[in-house]
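Residue numbers (UniProt numbering), protein chains in the order written: chain Z, 1 to 229; chain V, 1 to 293.
The beta carbon of each residue, even a glycine, is placed where N, CA and C say it ideally should be.
Computed from a prediction, not measured in an experiment: that's the story for all the values here.
Structure below.
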């Protein structure tokens, strides 16, 4: 029987990258006899080039962006997102968006999804929280997932047809990537108050929250099944 | 009460990052632009506190608020060891993390703050396993070495990191309940917290950063190679001649700590660094790291 090798990278410039690698390792321990997985910390262009898919973890989105730029990884990342599957969690969601609200001068983003994301949308650390969410609409049987939001962003626009309005224009950051994601933006999950916290566009996935901080590996397994293999 | 996972989770997001001491909104902006993952807002950096010889307290909330308003990354602030009310004030101010810090003059010579009673997460210094586990059992959601703040001498931080590692190895080598109980007693920690550490194969339930005496990209990379999750830089950056460049270089060195060629690049042409005070020249009572119990 032939075995297919898949390398899933986790961007390791700053943030909670080890947690993703541990979750993927556990999520793929059983049931994948046709595949051999490697989960790789990505800090350089050479490491990125080996990957079949990439996860951009939580961390500080400004730190991640500035480190990517000053270590020469920004352009390779912008190139990578043109074709390969990518999942951004929290700061990663900000990094893969096309437009950021409440962004910082000099912050660069990858423009992989046609979404506008608002940083620190819930407020400061005291407004961080955990809540059980029902993801069974897109992940079979996942009706109660303990979902951790930490200084989390939310998706505030999924069309980007109109120019940004009514907020501080100085804090709007637009991606310089010319890539056009041709898939439709699907809202995977909204909170009860209407805030959009999980979206998909083609082979790109964005979540406001941190499945890697939950003790449940189902979300990571779903990413492997749905986006990687 | 806020779940512990949420408190410790923010520290997990700070990993692989650099947290910088800043005394003005302008410095905070420089730190943010350099890629700092958080800033510590304080009135005077440790090197100046050390020089002043005065009682050092929580900073004026007005100044902390100005820094909170000037950057979008998390803002931490320090309270005195055991000073529950300063911590309550900082929580009311809604800072993102409180550092119960030996750099300030301790308010309580016996007890630390009961951090489980707070919604804002705390970071605490530790120079040995006993201090680390006591702080965790009090509710600290993040640890750091104490090092010797305000000196630019990395040796104390290195010895704290090494000692904690050795003590963890020792704990893991214990085979009987009696030995574990005796070691918990020796460390002056609750038996449960030592057992939990052993069950976790020596991993703390919270992240552990290096702090105290980090002055160069090489110092920061050294701490990372020794196993720390990230780095606090206090006086080092804004006591140097070119803070912006040094700040960026330390951030990049922490990301690429395993790559000597890159750390070489980040270490080159940084201009004059902080003056530095050799720890050996300090009298025992002048050491800030001996504060805390």
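By the three-class DSSP mapping on this structure, what secondary structure does residue i have?
| i | result |
| --- | --- |
| residue 219 (chain V) | helix |
| residue 92 (chain Z) | helix |
| residue 54 (chain Z) | strand |
| residue 82 (chain V) | coil |
| residue 77 (chain Z) | helix |
| residue 252 (chain V) | helix |
| residue 7 (chain Z) | strand |
| residue 135 (chain Z) | coil |
| residue 205 (chain Z) | strand |
| residue 64 (chain Z) | helix |
| residue 32 (chain Z) | coil |
| residue 182 (chain Z) | coil |
| residue 225 (chain V) | helix |
| residue 45 (chain V) | coil |
| residue 280 (chain V) | helix |
| residue 381 (chain V) | The structure shown does not extend to residue 381 (chain V), since chain V is modelled only from 1 to 293, so the question has no answer here. |
| residue 154 (chain V) | coil |
| residue 38 (chain V) | strand |
| residue 165 (chain V) | helix |
| residue 265 (chain V) | helix |
| residue 126 (chain Z) | helix |
| residue 371 (chain V) | Missing from the structure shown is residue 371 (chain V); chain V here goes from 1 to 293 and no further. |
| residue 58 (chain V) | coil |
| residue 189 (chain Z) | strand |
| residue 66 (chain V) | helix |
| residue 87 (chain Z) | strand |
| residue 19 (chain V) | strand |
| residue 157 (chain Z) | strand |
| residue 199 (chain Z) | strand |
Is the beta carbon of residue i sitting closer than 7 Å to the one on residue j?
| i | j | result |
| --- | --- | --- |
| residue 142 (chain V) | residue 11 (chain V) | yes |
| residue 26 (chain Z) | residue 179 (chain Z) | no |
| residue 276 (chain V) | residue 152 (chain V) | yes |
| residue 116 (chain Z) | residue 157 (chain Z) | yes |
| residue 217 (chain V) | residue 173 (chain V) | no |
| residue 45 (chain V) | residue 21 (chain V) | yes |
| residue 96 (chain Z) | residue 119 (chain Z) | no |
| residue 28 (chain Z) | residue 17 (chain Z) | no |
| residue 195 (chain Z) | residue 154 (chain Z) | yes |
| residue 47 (chain V) | residue 39 (chain V) | no |
| residue 288 (chain V) | residue 270 (chain V) | no |
| residue 129 (chain V) | residue 222 (chain V) | no |
| residue 145 (chain V) | residue 51 (chain V) | no |
| residue 214 (chain V) | residue 34 (chain V) | no |
| residue 191 (chain V) | residue 182 (chain V) | no |
| residue 171 (chain Z) | residue 102 (chain Z) | yes |
| residue 23 (chain Z) | residue 57 (chain Z) | no |
| residue 107 (chain Z) | residue 175 (chain Z) | no |
| residue 41 (chain V) | residue 67 (chain V) | yes |
| residue 102 (chain V) | residue 82 (chain V) | no |
Within 10 angstroms of the Cβ of residue i, are there 16 or more other Cβ atoms? Answer buried if so, exposed if not.
| i | result |
| --- | --- |
| residue 30 (chain Z) | exposed |
| residue 80 (chain V) | buried |
| residue 55 (chain Z) | buried |
| residue 111 (chain V) | exposed |
| residue 114 (chain Z) | buried |
| residue 1 (chain V) | exposed |
| residue 60 (chain Z) | buried |
| residue 138 (chain Z) | exposed |
| residue 261 (chain V) | exposed |
| residue 235 (chain V) | buried |
| residue 177 (chain Z) | buried |
| residue 219 (chain V) | buried |
| residue 211 (chain Z) | buried |
| residue 281 (chain V) | exposed |
| residue 208 (chain V) | buried |
| residue 123 (chain Z) | exposed |
| residue 181 (chain Z) | buried |
| residue 256 (chain V) | buried |
| residue 16 (chain V) | buried |
| residue 27 (chain V) | buried |
Is there at least one non-hydrogen atom of the ligand ATP closer than 6 Å to the beta-carbon of residue i?
| i | result |
| --- | --- |
| residue 88 (chain Z) | By its list of ligands, the structure shown contains no ligand whatsoever, and the ligand ATP lies outside what it can speak to. |
Could you name the residues of chain A that residue i contacts, counting a contact when the two beta carbons are closer than 8 Å?
| i | result |
| --- | --- |
| residue 151 (chain V) | In summary, chain A is missing from the structure at hand, where the protein chains are Z and V. |
Kindly confirm or deny that the region 70-87 of chain Z and the region 118-131 of chain Z touch, where touching means at least three C-beta pairs closer than 8 Å. With a cut-off of 8 Å, the region 118-131 of chain Z and the region 70-87 of chain Z do not count as touching, because too few Cβ pairs lie within range.
With a threshold of 8 Å, are at least 3 pairs of Cβ atoms found where one atom belongs to the region 196-212 of chain V and the other to the region 163-177 of chain V? The region 196-212 of chain V is in contact with the region 163-177 of chain V.
Let me know the alpha helix (DSSP H) ranges lying completely inside the region 72-133 of chain V, each 4 residues or longer, listed in chain order. Fully contained in the region 72-133 of chain V are the following alpha helix (DSSP H) runs of length 4 or more, in chain order: 84-93.
Taking one C-beta from the region 32-52 of chain Z and one from the region 5-14 of chain Z each time, how about it: are there three or more such pairs within less than 8 Å? Touching, yes, given that three or more Cβ pairs across the two stretches are closer than 8 Å.
With three or more beta-carbon pairs closer than 8 Å as the criterion, would you say the region 59-75 of chain V touches the region 111-122 of chain V? The answer is no - the region 111-122 of chain V does not touch the region 59-75 of chain V, with fewer than three Cβ pairs under 8 Å.
Within the region 168-207 of chain V, ranges of the alpha helix (DSSP H) (whole runs, at least 4 residues): The qualifying runs are 177-187, 191-199.
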